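*Asks:*
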Amino acid sequence: MVNTHCKGGDAVLKVIPVIDVLGGVVVHAVRGRRKYYQSLNSVLCASVDPVDVAVSLKAFGFSELYLADLDAITGGQPSFSLFEKIVDKAGLEMMVDAGVANLKRAKEVLNSSVSKVIIGTETLPSMDFVAEAVEFLGSNKVMLSLDLMGNHVLSDFEIGRLAEPITFLRELEAMGVAQIIVLDLLKVGSCEGTNLTFLNHALRNIKANLIVGGGIRNVKDLKELERIGVFGVLVATALHSGKISPENLKRAGLL
Numbered sequence: 004m005v006n007t008h009c010k011g012g013d014a015v016l017k018v019i020p021v022i023d024v025l026g027g028v029v030v031h032a033v034r035g036r037r038k039y040y041q042s043l044n045s046v047l048c049a050s051v052d053p054v055d056v057a058v059s060l061k062a063f064g065f066s067e068l069y070l071a072d073l074d075a076i077t078g079g080q081p082s083f084s085l086f087e088k089i090v091d092k093a094g095l096e097m098m099v100d101a102g103v104a105n106l107k108r109a110k111e112v113l114n115s116s117v118s119k120v121i122i123g124t125e126t127l128p129s130m131d132f133v134a135e136a137v138e139f140l141g142s143n144k145v146m147l148s149l150d151l152m153g154n155h156v157l158s159d160f161e162i163g164r165l166a167e168p169i170t171f172l173r174e175l176e177a178m179g180v181a182q183i184i185v186l187d188l189l190k191v192g193s194c195e196g197t198n199l200t201f202l203n204h205a206l207r208n209i210k211a212n213l214i215v216g217g218g219i220r221n222v223k224d225l226k227e228l229e230r231i232g233v234f235g236v237l238v239a240t241a242l243h244s245g246k247i248s249p250e251n252l253k254r255a256g257l258l
């Protein structure tokens, strides 16, 4: 079982495996260039069926899963039945980014056995929607993903697009968002390491729990993020390639 995290005390990092789903199969996400994504080749599971991959992750000891429904994020319909099937078959708690841009869709995602709905800045229509989602769904059910392309916020609306990332984080926290994902899409799939300078700056400016995604290389990276006070880390490429194994995580006290 993944350990919990006590902010302000002894912090134990939450390591959360990632499944990116496109066209009904799990794909290997690289630097946000979705048209080039290929089917996943994982040392943990020979199948690219999302349910099979989730079941394998559960068998290795994980209890949570981050799922990006890339078809929904790019304008299609969310795979509600898939969400339900994964929870039913794998027994994992799921946080899902399905391109949610309104309250109705957010409720539909949560009604599909999903524990937390992710609202990404990439598809966020306005800051008003953030406040609405937190008010009506609860801060325990809503997560915000600060989607970055390097040092720039990836956003459909102008204010978000022009915002400085730290300012954006402060605004999200002021609206009652308790958990924020910082996802650097340019680092996704790269195994190049994270932007520790930015993350340290972010942690000094907000009290919300930060979950980091993009660029993780090894357990050393995870321990460094744990040391600076990050709440959780999303891991895909390093996990599926074997650079980080479940055994490594167990030895490090992270699984």
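Under this note's numbering, the first residue of the sequence shown is numbered 4, with each subsequent residue one higher. Beta carbons are placed, not taken as given, at the ideal position from N, Cα and C, and that holds for glycine. Computed from a prediction, not measured in an experiment: that's the story for all the values here.
According to the Cβ coordinates, are S148 and L186 closer than 7 Å?
*Replies:* yes
*Asks:* For K210, does the three-state DSSP call read helix, strand or coil?
*Replies:* coil
*Asks:* Could you pull out every residue in the same chain whose Cβ sits closer than 8 Å to the Cβ of K246, ignoring the five residues on either side in sequence?
*Replies:* C194, R220, N221, T240
*Asks:* Can you find the residues in the same chain that come closer than 6 Å, C-beta to C-beta, to A71, ignoring five residues on each side of it along the sequence?
*Replies:* Hits under 6 Å: D23, D100.
*Asks:* What does the alpha-carbon distance come out to for the pair V236 and L225?
*Replies:* 7 Å
*Asks:* What is the DSSP secondary structure of V54, counted as helix, strand or coil?
*Replies:* Residue state, collapsed to three classes: helix.
*Asks:* What does the alpha-carbon distance come out to for the pair I214 and V117?
*Replies:* When rounded, the separation of the alpha-carbon atoms in I214 and V117 is 18 Å.
*Asks:* Using three-state DSSP, classify I219 as helix, strand or coil.
*Replies:* coil
*Asks:* Given this structure, state the Cα-to-Cα distance separating L60 from A134, to the nearest angstrom.
*Replies:* L60 and A134: Cα-Cα distance of roughly 34 Å.
*Asks:* Does the distance from the C-beta atom of F65 to that of S115 stay below 7 Å?
*Replies:* no
*Asks:* Under three-state DSSP, which class holds I89?
*Replies:* Correct three-state label for I89: helix.
*Asks:* Provide the residue(s) that pair with I122 in DSSP beta bridges, ordered along the chain.
*Replies:* L147
*Asks:* Can you tell me whether K107 is buried or exposed, with buried defined as 16 or more other CB within 10 angstroms of its CB?
*Replies:* So K107 ends up on the exposed side.
*Asks:* Strictly under 7 Å for the Cβ-Cβ distance: is E67 near chain B by that measure?
*Replies:* Of the protein chains in the structure, only one exists, and it is not chain B.
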